[in-house]
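Enquirer:
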Amino acid sequence: MKKKITVLPGDGIGPEVTQAAVEVLKTIAKRFQHEFEFQYALIGGAAVDQVGEPLPDATVAACQQADAVLLGSVGGPQWDSVAAEQRPEKGLLALRKHFNLYANLRPVKAYEALAEVSPLKQNRIMGTDFVIVRELTGGLYFSEPRKKTADAAVDTLVYTRKEIERIVIAAFQLARSRNGKLTSVDKANVLASSKLWREIVEEVKVGYPDVAVDHILVDAAAMQLIKEPSSFDVIVTENLFGDILSDEASMITGSLGMLPSASVREDSFGVYEPIHGSAPDIAGKELANPAGAILSAAMLLEHSFGLKAEAKAIEDAVERVLQDGYFTADLSTNRFLSTSQWTAKVIEELDGESVAESICFSYISG
Ligand code: NAD
Ligand code: IPM
Ligand code: MN
């Protein structure tokens, strides 16, 4: 298979983790005899610094020409005081909006090998395997008016029927292909947009008699995610709730660095990005966990290219490396591998042959 992938490394640890994911994709290409062509483009603070805007036209064009996009992360303290339109985060939001990537899939699972790393008790998290379907192009992130003076600030929360229907349908379809359980998270006891959301879930549910649906308020959902995470199968929710709940859910694995995501629409195009940010506190130090980015590359192969076996090979390799006790710094404070050492371990698993002699896996002591 011949495919074009545009890579948007972005800021902070973005370049480190996307590099890891690209190396893994190159290994997959070699092992499964595919041809992946990589093209790099600017986004976020890196784009602001080089060309004065967070999503240059050249980047949009590069994504347009590609079959899929792999993204690192954007943002950092050095851009905190720039004009609102120049914020690195604006580039990411504009990218999602431009390509109409309204469905953000964020899978969450407990890894046996990380049972001791998660701050949650092992007996609570074991067996956890769910997907958060986060609406990505509406709600508070995009609605107008939005303004701020010294004395007051306005954000607006709009959801149209069409926007809710399409994300809810995507979630029902996913639940149908999994364990047939859908949890819709809203704040229908307060927000008008949530009332409409809940009504639409009830309407759509008629077409999916094989899916069991429940509604839960977002505050209670935040609690339930910690109390009994294994009770979830598919969670569907609006943009901001999904953002917050997915960072919370990452603690089931033990690190924000573990979670991948796919930002998709009806066709096969998508932007694949770990859920974490640019982690300015550890950027450039080889301390980043590349698993979220590497697993995002696996999602890219499956969703955009239909390469299920290749995606599974990556997921299995990540799991085996963890099982073998190789951790990055976020997972283990005393003995850990650097970002590139850990990536090399994943590649070694994928290659099926040891490269241990050529790369010295000296442990860094924390
Ligand atoms: P963050 O996700 O960057 O970091 C939160 C904490 O998690 C930090 O301690 C960080 O070191 C740690 N962490 C995150 N990813 C990690 C990884 N892969 N390996 C090891 N540790 C990891 O969130 P933040 O500090 O709130 O935000 C920093 C910047 O990133 C902000 O500018 C924010 O807007 C941006 N951001 C971007 C994205 C994105 O590009 N998709 C997502 C979230 C935040
Ligand atoms: C994410 C990030 C983004 C979001 C920011 C950087 C705009 O937190 O992808 O989770 O809020 O969607
Ligand atoms: Mn987030």
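In this note's numbering, the protein residues as written are 48 to 413.
Glycine residues also receive a C-beta, built at the ideal position from the N, C-alpha and C atoms.
Source: prediction; values computed, not measured.
Please list the terminal residues of the continuous beta strand (DSSP E) segment that includes residue 263.
Expert: Counted from its first residue, the sequence shown places residue 263 at position 216. Residues 259 to 264.
Enquirer: Going straight from the alpha carbon of residue 217 to that of residue 150, what length do you get?
Expert: In the sequence shown, residue 217 corresponds to position 170, counting from 1. In the sequence shown, residue 150 corresponds to position 103, counting from 1. Their Cα atoms are separated by approximately 8 Å.
Enquirer: Is it buried or exposed for residue 130, if we count other Cβ within 10 angstroms and need 16 for buried?
Expert: Mapped onto the sequence shown, residue 130 falls at position 83. The residue in question, residue 130, is exposed, as its Cβ has fewer than 16 Cβ neighbours within 10 Å.
Enquirer: Who are the near neighbours of residue 158 in its chain, counting only those whose CB is closer than 7 Å to its CB and skipping five residues on each side?
Expert: Taking the first residue of the sequence shown as 1, we reach residue 158 at position 111. Cβ neighbours of residue 158 beyond the five flanking positions: 300, 366 and 369.
Enquirer: Considering only residues of the same chain and omitting the five flanking positions on each side of residue 55, which have a CB-CB separation below 6 Å?
Expert: By one-based count along the sequence shown, residue 55 stands at place 8. Answer for residue 55: 88, 90 and 118, listed in chain order.
Enquirer: Grab me the residues of residue 154's own chain with a C-beta within less than 6 Å of its C-beta, minus the 5 sequence neighbours each way, in chain order.
Expert: Sequence index remark: in the sequence shown, residue 154 carries index 107 (1-based). 178.
Enquirer: Once you ignore the five residues that flank residue 354 on each side, which residues in its own chain have a CB closer than 6 Å to its CB?
Expert: As a first step, residue 354 is located in the sequence shown; it is residue number 307 there, counting from the start. So the list reads 348, once near-sequence residues are dropped.
Enquirer: Under 8 Å, with one C-beta from each stretch per pair, do the region 105 to 122 and the region 384 to 401 reach the 3-pair mark?
Expert: Judged by Cβ distances under 8 Å, the region 105 to 122 makes no contact with the region 384 to 401, as fewer than three pairs qualify.
Enquirer: Does the count of Cβ pairs from the region 288 to 307 and the region 139 to 146 closer than 8 Å reach three?
Expert: Touching, no, given that fewer than three Cβ pairs across the two stretches are closer than 8 Å.
Enquirer: Residue 279 by DSSP, collapsed to three states: which one?
Expert: Start at 1 with the first residue of the sequence shown, and residue 279 comes out as number 232. Correct three-state label for residue 279: coil.
Enquirer: CA-CA distance, residue 339 and residue 215?
Expert: Taking the sequence shown and counting its residues from 1, one reaches residue 339 at position 292. Taking the sequence shown and counting its residues from 1, one reaches residue 215 at position 168. One C-alpha to the other measures close to 25 Å.
Enquirer: Beta-carbon separation of residue 323 and residue 120 under 8 Å?
Expert: The sequence position of residue 323 within the sequence shown is 276, counting from 1. The sequence position of residue 120 within the sequence shown is 73, counting from 1. Their beta carbons are under 8 Å apart, which means residue 323 touches residue 120 by this criterion.
Enquirer: Is residue 127 near the ligand IPM, judged by its Cβ being under 7 Å from some heavy atom?
Expert: One-based indexing of the sequence shown puts residue 127 at position 80. Because no heavy atom of the ligand IPM lies under 7 Å away, the Cβ of residue 127 does not count as near it: no.
Enquirer: If you reduce the DSSP assignment to three classes, tell me which class residue 203 lands in.
Expert: Position 156 of the sequence shown holds residue 203. Looking at residue 203 - three-state DSSP - the assignment turns out to be coil, as it is neither helix nor strand.
Enquirer: If contacts are defined as beta-carbon pairs under 8 Å, then residue 191 and residue 210 qualify, I think. What distance do you get, rounded to the angstrom?
Expert: Within the sequence shown, the letter at position 144 stands for residue 191. Within the sequence shown, the letter at position 163 stands for residue 210. Actually they are not in contact, since the Cβ atoms of residue 191 and residue 210 sit about 15 Å apart, beyond 8 Å.
Enquirer: Under the criterion of a Cβ to heavy atom distance below 7 Å, does residue 354 qualify as lining the ligand NAD?
Expert: As a position in the sequence shown, residue 354 is number 307, starting the count at 1. No; taking the cut-off as 7 Å, the Cβ of residue 354 has no heavy atom of the ligand NAD nearer than that.
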